[in-house]
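Taking it in order: structure first as structure tokens, then the write-up.
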Amino acid sequence: AQSVTQPDIHITVSEGASLELRCNYSYGATPYLFWYVQSPGQGLQLLLKYFSGDTLVQGIKGFEAEFKRSQSSFNLRKPSVHWSDAAEYFCAVGGNNNDMRFGAGTRLTVKP
Amino acid sequence: ETGVTQTPRHLVMGMTNKKSLKCEQHLGHNAMYWYKQSAKKPLELMFVYSLEERVENNSVPSRFSPECPNSSHLFLHLHTLQPEDSALYLCASSQDGAIYGYTFGSGTRLTVV
Chain Y
79 AQSVTQPDIH ITVSEGASLE LRCNYSYGAT PYLFWYVQSP GQGLQLLLKY
129 FSGDTLVQGI KGFEAEFKRS QSSFNLRKPS VHWSDAAEYF CAVGGNNNDM
179 RFGAGTRLTV KP
Chain P
85 ETGVTQTPRH LVMGMTNKKS LKCEQHLGHN AMYWYKQSAK KPLELMFVYS
135 LEERVENNSV PSRFSPECPN SSHLFLHLHT LQPEDSALYL CASSQDGAIY
185 GYTFGSGTRL TVV
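Below you can see the structure in the form of structure tokens.
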């Protein structure tokens, strides 16, 4: 069965520092991978997605993620974090069916 | 309006009340979902409707009753809830499964007193 693990529950970075959020997945076939962001009291917003092709994908708000099949990972990165990036981030894996699995989320705090 | 709209944004109800959550999508998608998001727990998939037919019910208690009258609207009818049902209820829609990702509404914050 497909599953997603986000090892870090909470991460704190300083504004302007680089960011990497980890995601590991388990899926029987080629996965469709996603990163979502959720601000307090809001729904989830899609940041970026990977289907196939180039393993480095670009998303909104300056985020990118790299698919590494050998490591079953899809880590999210940003070179320079802004205070407005403070939120909860969810990694997800899905396929052709209506069954997208979400990780437990990583809460990002940004220090001034 | 565009995207996925959920109403109400906030709801407080007693354990003996009956209320309904509404979700509307303006994206022409063919699948809709209800998720429950509780503090410190992963997103829980409750119901899936594809082409207006329920395709999944993840062992959700019968006090939650979904309804999908057409491809644009999804309801979650609530009755005799428990305090542990207090959570953020999120609606989402998609086209052709999870291939392109889901579009989420802003959620309904439900408090059961």
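Same order as they appear, the protein sequences are chains Y and P.
Position one of the first sequence corresponds to residue 79 (this note's numbering), numbered consecutively onward.
Position one of the second sequence corresponds to residue 85 (this note's numbering), numbered consecutively onward.
We treat Cβ as the ideally placed atom computed from N, Cα and C, and that holds for glycine.
A Cβ-Cβ contact shorter than 8 Å links L97/Y with R155/Y.
Sequence-distant Cβ neighbours of W161/Y in its own chain, meaning closer than 8 Å and more than five residues away, are E93, V188 and P190.
Of I89/Y, S104/Y and T90/Y, the smallest CA-CA separation from R147/Y is found for S104/Y. Judged by DSSP in its simplified three-state form, R147/Y adopts helix. Nearest neighbour of D86/Y by Cα position, chosen from Q116/Y, F168/Y and Y114/Y, turns out to be F168/Y.
Within the model, the alpha-carbon separation for Q80/Y versus S151/Y is close to 13 Å. The beta-carbon distance between G185/P and K127/Y, rounded to whole angstroms, is 5 Å. This is short enough to meet the 8 Å contact definition. Three or more beta-carbon pairs separated by less than 8 Å link the stretch 161-174 of chain P to the stretch 107-126 of chain P, which places the two stretches in contact.
In the three-state reduction of the DSSP assignment, I89/Y falls in the strand class, which pools E and B.
For S177/P, the enclosing beta strand (DSSP E) stretches over residues A171 to S178. Its chain contains L111, Y128, T133 and F152 as the residues whose beta carbon lies nearer than 7 Å to that of F145/Y, once the 5 sequence neighbours on both sides are disregarded; these appear in chain order. L162/P is bridged by DSSP to K103/P and F148/P. Residues of the same chain with a CB within less than 7 Å of the CB of A164/Y, apart from the 5 flanking positions on each side, are L186, T187 and V188 in chain order. When beta bridges are read from the DSSP output, K120/P appears opposite E128/P and Y173/P. Close to chain P, meaning a Cβ-Cβ distance shorter than 8 Å, are the following residues of the stretch 121-133 of chain Y: G121, L122, Q123, L124, K127 and F129. Residues of the stretch 166-186 of chain P whose Cβ lies closer than 9 Å to any Cβ of chain Y, in chain order: L172, L174, C175, A176, S178, D180, G181, A182, I183, Y184, G185 and Y186.
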